[in-house]
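Protein sequence lines correspond, in order, to chains A, B and C. Under my numbering, the first residue of the first sequence carries the number 43, and numbering increases by one thereafter. Under my numbering, the first residue of the second sequence carries the number 6, and numbering increases by one thereafter. Under my numbering, the first residue of the third sequence carries the number 209, and numbering increases by one thereafter. Even glycine gets a Cβ: it sits at the ideal position worked out from N, Cα and C. No experiment lies behind these values; they were computed from the predicted model shown. The structure under discussion appears below in the form of structure tokens.
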Amino acid sequence: MTNQSITQKLANPTRFMGLSGQLLPWLAGASAAIIGYAMYLAFFVAPPDYQQGHTVKIMFIHVPSAWLAMMAYVLIAISSFGLLVFRHPLADVSAKAAAPIGAAFTLLALITGSLWGKPMWGTYWVWDARLTSVLLLFFLYLGLMALRSSIEDEALAAKLTAVLALVGVVLLPIIKFSVDWWNTLHQPSTGLTTTVHASIRIPLLVSALGFSLLFFTLHLKAMRNEILRRRVKALRMAEVDRAQGSHASAAAAE
Amino acid sequence: MALGPHAAFILASYGAAAAVLAGLIGWLVVDGQRQRKALDALEARGVKRRSRGA
Amino acid sequence: MSGFWVLVRRDLQLAVREGGAIGTALGFYLIVVALMPLGLGPDLNLLSRIAAGVLWIALLLAALLSLPRIFEADYEDGALEVMATADLPLELVAAAKSLAHWISTGIPLALMAPALGILLNLDIGSAPALIGTMVAGTPAISFLGAIGAALTLKARRGGLLLALLVLPLYVPTLIFGITAINAVALGSDGFWQSFAMLVALSMGATVLGPVAAAAAVRLQLQ
Chain A
43 MTNQSITQKL ANPTRFMGLS GQLLPWLAGA SAAIIGYAMY LAFFVAPPDY QQGHTVKIMF
103 IHVPSAWLAM MAYVLIAISS FGLLVFRHPL ADVSAKAAAP IGAAFTLLAL ITGSLWGKPM
163 WGTYWVWDAR LTSVLLLFFL YLGLMALRSS IEDEALAAKL TAVLALVGVV LLPIIKFSVD
223 WWNTLHQPST GLTTTVHASI RIPLLVSALG FSLLFFTLHL KAMRNEILRR RVKALRMAEV
283 DRAQGSHASA AAAE
Chain B
6 MALGPHAAFI LASYGAAAAV LAGLIGWLVV DGQRQRKALD ALEARGVKRR SRGA
Chain C
209 MSGFWVLVRR DLQLAVREGG AIGTALGFYL IVVALMPLGL GPDLNLLSRI AAGVLWIALL
269 LAALLSLPRI FEADYEDGAL EVMATADLPL ELVAAAKSLA HWISTGIPLA LMAPALGILL
329 NLDIGSAPAL IGTMVAGTPA ISFLGAIGAA LTLKARRGGL LLALLVLPLY VPTLIFGITA
389 INAVALGSDG FWQSFAMLVA LSMGATVLGP VAAAAAVRLQ LQ
């Protein structure tokens with residue numbers, strides 16, 4: 043028992059619920075504090091960029107969102123692998139919980155990117171290589187969630203969604219590469235790619251850390267909700283079973 | 006804290022971030038409470054798992 | 209290997225026998241391309257500039273319509289279950305069915321493309337390049353499409369879902385397909401570079417597609 047790895051210990055959903063319940067308030071507090079500090083740095087300390095002026099402040103939420111959009115997909119891919127190969131009992135809970143959160147951060151990256159694009163490029167949407175790849179990533183998230191919700195058998199839906207997630211992780215770099223290639227063909231790279239000065243890099247890193255902690259908080263909470271949901275479902279089935287059982291025995295007694 | 010000529014875009018970005026994240030947090034909290042309530046109700050009725058064998 | 213070719217021939221015969229499927233895809237291809245000038249105006253310069261893109265996108269949509277055919281009928285009548293227990297690995301079954309889909313859908317659509325290019329004022333001299341590019345690129349459509357077809361066997365609203373799952377995966381093929389044709393039609397260089405990328409994508413898809421599709425089918429036969 044003592045040489046169990048952490049993942050093995052966490053494999054038991056009951057133990058996971060206990061540990062995560064203790065961890066959650068601390069994570070939530072830490073992410074709130076760090077995001078608050080990042081916002082203070084962003085608005086009161088960081089200087090305006092000499093090229094982009096104050097709009098560089100959008101970067102402090104745009105870049106962490108885009109980074110988390112990708113990280114959430116990596117997390118889903120790892121969880122999917124854990125489900126299909128190791129049949130880890132929490133892997134699907136993790137994959138399912140991460141999908142809407144990843145999609146939300148992807149959407150946020152798109153919204154802030156387009157709000158940044160308007161003052162920079164004069165239009166809300168530019169087929170910039172990064173915006174385009176993030177948009178395609180958003181479609182992949184929608185596909186994952188749509189596939190899961192359209193298959194009745196939840197265990198099967200989990201495994202098929204995992205197959206799709208792994209296919210996506212193989213193709214994402216290729217999609218990214220092709221979009222970059224397409225973009226350089228049509229227009230010179232513009233806008234969002236400015237070299238980052240230290241006075242901006244530090245608030246950006248603080249903000250990225252805060253948002254990452256927020257992501258893990260949300261993911262942990264979503265996993266807890268999903269475990270509870272599965273318990274409720276199991277109990278309801280047991281209740282129905284028992285009702286039918288007592289019905290049958292009553293009928294037999296007559 | 007002057008935000009320059011593009012203040013509206015900066016505030017809209019932060020507003021969008023706040024709205025999306027607040028929506029996400031609100032959904033997770035409400036969903037958690039709902040599941041917890043359903044579970045408590047079932048347990049109060051004395052439903053236990055693995056009652057099949059009994 | 210012979211079991212593989214038997215399966216390819218069987219699927220092709222089925223596709224020919226219910227010839228409606230191929231005809232529908234070709235008719236769909238024609239009508240989508242014909243709608244474009246009606247939507248964009250009859251300016252021939254504009255049309256020849258966007259012809260490659262229109263031909264490729266319409267081809268993707270036409271091929272998408274026929275993707276469910278790869279597994280659906282065999283899944284519903286239980287033939288897939290028999291195939292899964294036979295000697296041929298399910299990966300090769302999926303590969304054979306994807307190959308049959310490519311021969312019965314991808315190639316006819318590719319052969320029809322130059323005729324539709326005329327409607328869009330595409331330079332007639334680029335017809336060989338157009339056919340070659342589409343023949344090289346469409347295997348990726350069939351083999352990656354097989355993944356989507358396998359994943360949505362038990363799904364509600366399968367057809368719409370299939371489009372959502374599969375179209376993002378087609379982006380690289382679309383991009384390199386269009387640049388290859390434009391390189392010839394509009395006289396820019398880099399045809400062979402794009403063409404090589406298309407071939408590489410198709411070869412990658414012939415590995416990834418059957419493996420993933422077989423995994424998805426196996427999960428649903430259990």
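Could you check how far apart the C-beta atoms of residue i and residue j are, in whole angstroms? I think they sit under 8 Å.
| i | j | result |
| --- | --- | --- |
| Phe102/A | Pro245/A | 6 Å |
| Ser191/A | Pro89/A | About 46 Å; that fails the 8 Å criterion. |
| Ala271/C | Gly314/C | 6 Å |
| Ile100/A | Leu157/A | 6 Å |
| Leu152/A | Leu177/A | 6 Å |
| Ala354/C | Pro418/C | 7 Å |
| Phe257/A | Leu132/A | Actually they are not in contact, since the Cβ atoms of Phe257/A and Leu132/A sit about 17 Å apart, beyond 8 Å. |
| Ala200/A | Ile118/A | At roughly 12 Å, the Cβ-Cβ gap does not stay under 8 Å, so Ala200/A and Ile118/A are not in contact. |
| Phe399/C | Ala391/C | 4 Å |
| Ala388/C | Thr341/C | 5 Å |
| Leu255/C | Leu328/C | 5 Å |
Using the beta-carbon of each residue, which ones in chain B are nearer than 8 Å to residue i?
| i | result |
| --- | --- |
| Trp158/A | Phe14, Ser18 |
| Thr267/A | In the sequence on display, residue 267/A carries Asn and not Thr. Result: Leu33, Asp36, Gly37, Gln40. |
| Gly95/A | Gly9, Pro10, His11 |
Might you give, ordered along the chain, the residues of its own chain that have their beta carbon closer than 6 Å to the beta carbon of residue i, omitting 5 neighbours on each side?
| i | result |
| --- | --- |
| Phe212/C | Leu300, Ala304 |
| Ser175/A | Lys218, Val221 |
| Ser107/A | Phe147, Leu150, Ala151 |
| Ala23/B | none |
| Leu182/A | Gly210 |
| Leu288/C | Asp282 |
Taking only heavy atoms of the ligand ADP into account, decide whether any of them is closer than 7 Å to the Cβ of residue i.
| i | result |
| --- | --- |
| Leu277/A | In terms of ligand content, the structure shown is empty, and the ligand ADP therefore cannot be addressed. |
Going along chain B, which residues have a C-beta under 7 Å from residue i?
| i | result |
| --- | --- |
| Lys99/A | Ile15 |
| Val274/A | Gln40, Ala43, Leu44, Leu47 |
| Lys263/A | Leu33, Gly37 |
| Thr165/A | Going along chain B, no residue has its Cβ under 7 Å from Thr165/A, so there is no contact; the nearest lies around 12 Å. |
| Pro161/A | His11, Phe14 |
| Ile143/A | Leu29 |
| Ala146/A | Val25, Leu29 |
| Ile103/A | Ser18, Tyr19, Ala22 |
| Pro90/A | Gly9 |
For residue i, which residues of its own chain have a beta-carbon under 7 Å away from its beta-carbon, when the five flanking residues on both sides are left out?
| i | result |
| --- | --- |
| Val216/C | Ala304, Leu307, Ala308 |
| Ala344/C | Phe403, Leu406, Val407, Ser410 |
| Gly366/C | Pro276, Thr360 |
| Ser312/C | Leu220, Ala223, Ile230 |
| Leu251/A | Ile76 |
| Leu377/C | Leu352 |
| Ala423/C | none |
| Thr44/A | Per-residue confidence for Thr44/A stands at a pLDDT of 45, beneath the threshold of 50, marking its modelled position as unreliable; the derived number appears in the next sentence. Excluding residues within five positions, none has a Cβ falling inside 7 Å. |
| Ala318/C | Ile339, Met342, Val343, Thr346 |
Leaving out the 5 sequence neighbours to the left and right, which residues in its chain are closer than 8 Å to residue i when beta-carbon positions are compared?
| i | result |
| --- | --- |
| Ile386/C | Ala260, Gly261, Trp264 |
| Glu268/A | Val135, Lys138, Ala139 |
| Leu262/A | Ser62, Leu65, Leu66, Leu69 |
| Lys362/C | Gln428 |
| Met320/C | Leu234, Tyr237, Leu238 |
| Met187/A | Ala141, Pro142, Ala145 |
| Gln226/A | It should be pointed out that residue 226/A corresponds to Thr in this sequence rather than to Gln. Here the set comprises Ala171. |
What does DSSP give as the partner residue(s) for residue i in the beta ladder?
| i | result |
| --- | --- |
| Asp91/A | Gly95/A |
Chain A partners of residue i, CB-CB under 8 Å?
| i | result |
| --- | --- |
| Ile383/C | Ser220, Val221, Trp223, Trp224 |
| Ala21/B | Leu150, Ile153, Thr154, Leu157 |
Which chain C residues are close to residue i, counting only those with a beta carbon under 7 Å from its beta carbon?
| i | result |
| --- | --- |
| Leu227/A | Thr387 |
| Ile216/A | Pro380 |
| Leu213/A | Leu377 |
I want to verify the contact list: residues of chain A whose CB lies under 7 Å from the CB of residue i, in sequence order.
| i | result |
| --- | --- |
| Gln428/C | Leu198 |
| Ala420/C | Val205, Val209 |
| Ala423/C | Val205 |
Under 8 Å between C-beta atoms, does residue i make it to chain E?
| i | result |
| --- | --- |
| Ile242/A | Chain labels in this structure do not include chain E; the protein chains are A, B and C. |
Residue i versus chain C: which residues are under 8 Å apart at the beta carbon?
| i | result |
| --- | --- |
| Lys201/A | Leu427 |
What residues of chain B sit near residue i, judged by a beta carbon separation below 9 Å?
| i | result |
| --- | --- |
| Leu69/A | Here the premise fails: no neighbours, minimum Cβ distance about 13 Å. |
Return the residues of the segment 177-197 of chain A that lie within a Cβ-Cβ distance of less than 7 Å from chain C, sorted by chain order. Those residues of the segment 177-197 of chain A that come within reach of chain C (Cβ to Cβ, closer than 7 Å) are Leu178, Phe181, Leu182, Leu184, Gly185, Ala188, Leu189, Ser192, Ile193.
Along the segment 399-416 of chain C, what residues have a CB closer than 7 Å to any CB found in chain A? Leu416
Residues within the segment 353-381 of chain C neighbouring chain A, beta-carbon criterion of under 7 Å: Ile355, Leu359, Lys362, Ala363, Arg364, Arg365, Leu369, Leu372, Leu373, Pro376, Leu377, Val379, Pro380
What residues in the segment 107-132 of chain A have a beta carbon less than 9 Å from any beta carbon of chain C? Leu126
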